[in-house]
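The structure appears right after this line, and notes come after that.
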Amino acid sequence: MPDFSAFKSPGPYHIISYGTLLGTTVFESCFAGIIAFNTIPRPQFSLLRNRIFPVYFSVQTTLPVVLALTYPGSGLPLGTASGLAGTFAEVNRWKVLAPLATMFVTALTNLVLIRPATNNVMRQRNLQETRDGKKSYDPAPHSKEMQKLNKAFGRIHGASALLNMGTLLATLWYGFNLAERIQ
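Below is the structure:
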């Protein structure tokens, strides 16, 4: 008879969740966005990103919670507990809790603050493009209003990129700490 005990352990779910988070973040940050930007016209690129980002940032926000819930403890009677108790254990403050919290906060900020702000600036730019009869990405000169909107978009986009980089670095930080446990 097959042994299904592994399905009851949090360990496999933890590793799969970590791999999904790391893979998604690396692929989206380093490959998918760059390839799409260089391949499809701006309006389609913008539409694609507008559809991908809610899912992407939701995955980045949800999986650190899953990682905290499925944290595999030591299994020893006096060892670190599994789940949230292990995640919040004093001994795991910097190796588990800090990177998971960083991932969660940076991704949540992108999801609930930066993305809506970006969408707002993009709507304003679209309206300004209609007024100006010129796309925001067309060669200069641009109206003063469009210059302000382009600058605002650049700042918001930069903030989003920095937060995303924070998520990636925290994910890598956690991965090194996780690997240390299985050596």
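Quick note on my numbering: the sequence shown kicks off at 1412 and runs consecutively. For every residue, glycine included, the Cβ atom is placed at its ideal position computed from N, Cα and C.
Residue i to residue j, Cα distance in whole Å?
i, j, result
"Ala1492", "Leu1522", "31 Å"
"Arg1462", "Ile1445", "16 Å"
"Lys1545", "Leu1560", "13 Å"
"Ala1563", "Tyr1548", "14 Å"
"Tyr1424", "His1568", "33 Å"
"Gln1539", "Gly1565", "16 Å"
"Thr1541", "Ser1554", "12 Å"
"Thr1435", "Pro1550", "34 Å"
"Asn1449", "Leu1580", "25 Å"
"Pro1527", "Gln1471", "16 Å"
"Gly1494", "Lys1419", "13 Å"
One question on the structure: do residue i and residue j come within less than 8 Å of each other, judged by their Cβ atoms?
i, j, result
"Gly1422", "Pro1465", "no"
"Phe1456", "Ala1443", "no"
"Leu1511", "Leu1478", "yes"
"Ala1518", "Thr1578", "yes"
"Thr1520", "Leu1508", "no"
"Met1533", "Asp1543", "no"
Run through DSSP, which three-state label would residue i get?
i, result
"Pro1550", "coil"
"Ser1493", "coil"
"Pro1483", "coil"
"Ile1446", "helix"
"Ile1593", "coil"
"Ser1457", "helix"
"Asp1543", "helix"
"Ser1420", "coil"
"Ala1572", "helix"
"Pro1527", "helix"
Could you tell me whether any non-hydrogen atom of the ligand NAP is closer than 7 Å to the CB of residue i?
i, result
"Lys1555", "By its list of ligands, the structure shown contains no ligand whatsoever, and the ligand NAP lies outside what it can speak to."
What whole-angstrom Cβ distance do residue i and residue j have, given they're in contact under 8 Å?
i, j, result
"Thr1582", "Leu1433", "5 Å"
"Gly1586", "Tyr1429", "7 Å"
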